[in-house]
Every structure is written in structure tokens, then in C-alpha cells.
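Trainee: One structure is given below, represented as C-alpha cells, and several questions about it will come after.
What follows is the structure, given as C-alpha cells:
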């Protein structure tokens, strides 16, 4: 594991389009199919990263809460499964089903989508407004494995609440940090 912070995609950037297979249904899913006119969260996660494992239960809870308010969530794993078999599509499917993900879990085998988003770590969270422009990129909250901070999802929740209220998301955005994406 190599601790890595997220890169900085400029705020206002339009979400790069993609179509990837959903590991649960086996069907291709595009950004356009999942976008919300309120807010869309694109999350780069994976099965084995301790930073993702640490927040996963609360991430699913926050996704359920905001999905009910019209926000869309999309999870993508871009890791090299040859060297990290815990992140294989079969194991991704098992994780999604075991945790009843309220969002599609997509497999980016070519890693082209991660590169288009300049994703660097897991988790790496991107929030796009209803016009599909980046409004927030950063951490879920201050919690990391071992720092004893409570897992709240506060940073992501604050960004989504601001968008849903028609307010500007704060410019104070802390980078996410976690395991680096496992590039081929």
C-alpha cells in the first residue's frame, strides 16, 4: 500500500463520459444513464484498500440517504486485477451484493476512465452538479484507519447538501487519501 492523495481536477470541469460494465448485472452502464439533474458522485474505490474498507458502511449509508434526495452515485474500480485479484470483477460483484450497494459498481479494465478523471487513490470522490460540472473533489471525511476520527461522511454530505440547497460548495476541499490506484 502506498498512501496517496487525490490529484486536483479543476472545479467546473465537465465530467468525462464513459461506458463500463456493471459487475452485478453484466450490462454496460454509461455516465449519461446514471447522471442526476441535481448531483452525481463518481467514486473510485476498490475491494481491498483499507481506506475504502474503513468507510464502506457509512459510504453506503450516505449514498442511500442522498439517492433518496435525487443524487446519483457511481462506483468504479480501476485496479490491475492481475496483481490485485481481490479487486477482480467476481469479487467486486460479491462485495456489491454483500453490502447491497445502492449504486452501480463498474469495472474499468483498461484504466482509461481513471486516467480521464486523473484519479489517483481509493477512495477518490468527484461530485458533479446538475449541469455536470465538478463542484467538489475530496475526502469523504477526516477518518482514516488508525486516526480514531469518527466516520461521518461529513465532507461529502456538506458538498451534496450545498448543491441540493442551490448554494455554492465550499472552496475549502481537502484531498482524499488512500491507496494508490494499482496501475498496470
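Residue numbers (the numbering used here): 1 to 184.
For every residue, glycine included, the Cβ atom is placed at its ideal position computed from N, Cα and C.
Computed from a predicted model, the values in this text were never measured in an experiment.
1) CA-CA distance, residue 37 and residue 161?
2) Whose C-beta lies closer than 7 angstroms to the C-beta of residue 173 among residues of the same chain, with five residues either side of it excluded?
3) Measure the CB-CB distance between residue 20 and residue 10 and report whether it falls below 9 angstroms.
4) Using the DSSP secondary-structure output, state which residues sit across from residue 39 in a beta bridge.
5) Smallest Cα separation from residue 127: which of 24, 6, 26, 43?
6) Between residue 119 and residue 7, is the Cβ-Cβ spacing less than 9 angstroms?
7) Tell me, which residues are paired with residue 34 by DSSP?
8) Is it buried or exposed, residue 110, if we count other Cβ atoms within 10 angstroms and call 16 or more buried?
9) For residue 51 versus residue 177, is the C-beta distance shorter than 9 angstroms?
10) Would the beta-carbon of residue 99 fall within 9 angstroms of that of residue 181?
11) Nearest to residue 57 by CA position, among 96, 39, 86, 30, is which residue?
12) Would you identify the three-state DSSP class for residue 55, choosing helix, strand or coil?
13) Look up residue 27 in the DSSP assignment and give the residues it is bridged to.
14) Can you check whether the CB of residue 117 is closer than 9 angstroms to the CB of residue 23?
15) So what does DSSP say about residue 11, is it helix, strand or coil?
16) Return the first residue and the last residue of the alpha helix (DSSP H) that residue 5 is part of.
17) Figure out for me which residue from 45, 54, 31 has the closest Cα to the Cα of residue 152.
18) I'd like to confirm the pairing. Which residues does DSSP put opposite residue 21 in its beta bridges?
Mentor: The structure says:
1) 14 angstroms
2) 136, 137, 138
3) no
4) 71, 129
5) 43
6) yes
7) Note: residue 34 sits in no beta bridge, so no partner.
8) exposed
9) yes
10) no
11) 96
12) helix
13) In the DSSP output, where bridge partners are listed per residue, residue 27 has none listed.
14) no
15) coil
16) Run containing residue 5: none in the alpha helix (DSSP H); it sits in the beta strand (DSSP E), 3–5.
17) 54
18) 28
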